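J.: In this text, residue positions in the sequence shown follow the numbering used here: the first is 1044, and each later residue adds one. Where is the CB? At the ideal position from N, CA and C, for every residue including glycine. Remember, it's a predicted structure, so these values are computed and weren't measured experimentally.
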Amino acid sequence: MSLMTKIIALANDSTPTNMELFYSDGGSFDGPVSLSSFTANAKTAMIARMERVYLAQGSVYKYVDLTDETPSELDWDAGPGSTLPESANIGCQYRGRCVLAGDPSAPNVWYMSRQGDFTDWNYTKTDAQAAVYGSGSIAGNAGGVITSLIPFSDDYLVIGCSNMVNILKGTQ
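1) Check whether the Cβ of aspartate 1146 lies closer than 8 Å to any heavy atom of the ligand PLP, and answer yes or no.
2) On a Cα-Cα basis, can you pick out the residue from Gly1187, Arg1092 and Leu1127 that is closest to valine 1103?
3) By the three-class DSSP mapping on this structure, what secondary structure does glutamate 1112 have?
4) Within the continuous beta strand (DSSP E) that includes lysine 1168, where are the two ends?
5) Let me know the secondary structure DSSP gives phenylalanine 1081 once reduced to three states.
6) Pick from Met1207, Pro1194, Gly1074 and Gly1203: whose alpha carbon is nearest that of aspartate 1237?
7) Given a threshold of 16 other Cβ atoms within 10 Å of its Cβ, counted over all protein chains shown, does leucine 1117 qualify as buried or as exposed?
8) Roughly how many whole angstroms lie between the Cα atoms of cysteine 1135 and methionine 1155?
9) Would DSSP call valine 1201 helix, strand or coil?
10) Compute the Euclidean distance between the alpha carbons of tyrosine 1199 and methionine 1207, then round it to the nearest angstrom.
11) Please go through the same chain and pick out, in chain order, the residues whose beta-carbon is closer than 6 Å to the beta-carbon of glycine 1213, but skip the five residues on each side of it.
12) Who are the near neighbours of isoleucine 1133 in its chain, counting only those whose CB is closer than 8 Å to its CB and skipping five residues on each side?
13) Got a sec? Which residues, its chain only, sit under 7 Å from alanine 1131 by beta carbon, not counting five neighbours each side?
14) Excluding five sequence neighbours on each side, which residues of the same chain lie with their C-beta closer than 7 Å to the C-beta of serine 1077?
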């Protein structure tokens, strides 16, 4: 399959409690891939990176490798020494990092994986590509609940909050 240009997740008509993933390389749609771990009509982060689609819904983390002969849900595990955020349902890709938010216990916090590695969430490393996290706030303010993550080119990440909009330039 060549570079993917379209991805659509749809609720399954025959089983409205589950989701299905349809994908395309610009021609007709292939699939569906059954996403039985996910509940339809629930907020779900979907992040495409190369030939994989990463999905997060609450504490459920999965990915689908579209190069597999029969694509299916696979566990999205954190790498050694790291842990995925406790819960997420908002996500995007920014500067080669997976960015997640939407944890009800920390609604104003965003999390970024290591640059180039969606499985490395080790925040103790200090190199320039290490995983980082922060809040959707201006210094000294509590910040609002994060409602959206919007990458704009490779330079800015717009962080939409319930009471403000913040722009992250570059990475932390």
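T.: With the structure as the only source:
1) With respect to small molecules bound, the structure shown includes none, and the ligand PLP cannot be examined in it.
2) Answer by Cα proximity: Leu1127.
3) Glutamate 1112: coil per DSSP, three-state reduction.
4) Here lysine 1168 belongs to no beta strand (DSSP E), and DSSP marks it neither H nor E.
5) For phenylalanine 1081, the secondary structure class from DSSP, reduced to helix, strand or coil, is coil.
6) Outside the shown range of the chain (1044 to 1215) lies residue 1237, about which nothing can therefore be said.
7) Exposed: under 16 other Cβ atoms inside 10 Å.
8) Each residue's Cα considered, the two are about 10 Å apart.
9) DSSP places valine 1201 in strand when its eight states are reduced to three.
10) Here the alpha carbons of methionine 1207 and tyrosine 1199 stand approximately 16 Å from one another.
11) Closer than 6 Å at the Cβ level, and outside the excluded window around glycine 1213, lies no residue.
12) The beta carbon of isoleucine 1133 lies closer than 8 Å to those of Lys1086, Ala1088, Leu1143, Ala1144, Gly1145, Ile1189, Thr1190, Ser1191 and Leu1192 in the same chain, with the five residues before and after it left out.
13) The beta carbon of alanine 1131 lies closer than 7 Å to those of Ala1088, Ala1099, Leu1143, Ala1144, Gly1145 and Asp1146 in the same chain, with the five residues before and after it left out.
14) Once the five neighbours on either side are set aside, the close Cβ partners of serine 1077 are Asn1061 and Glu1063.
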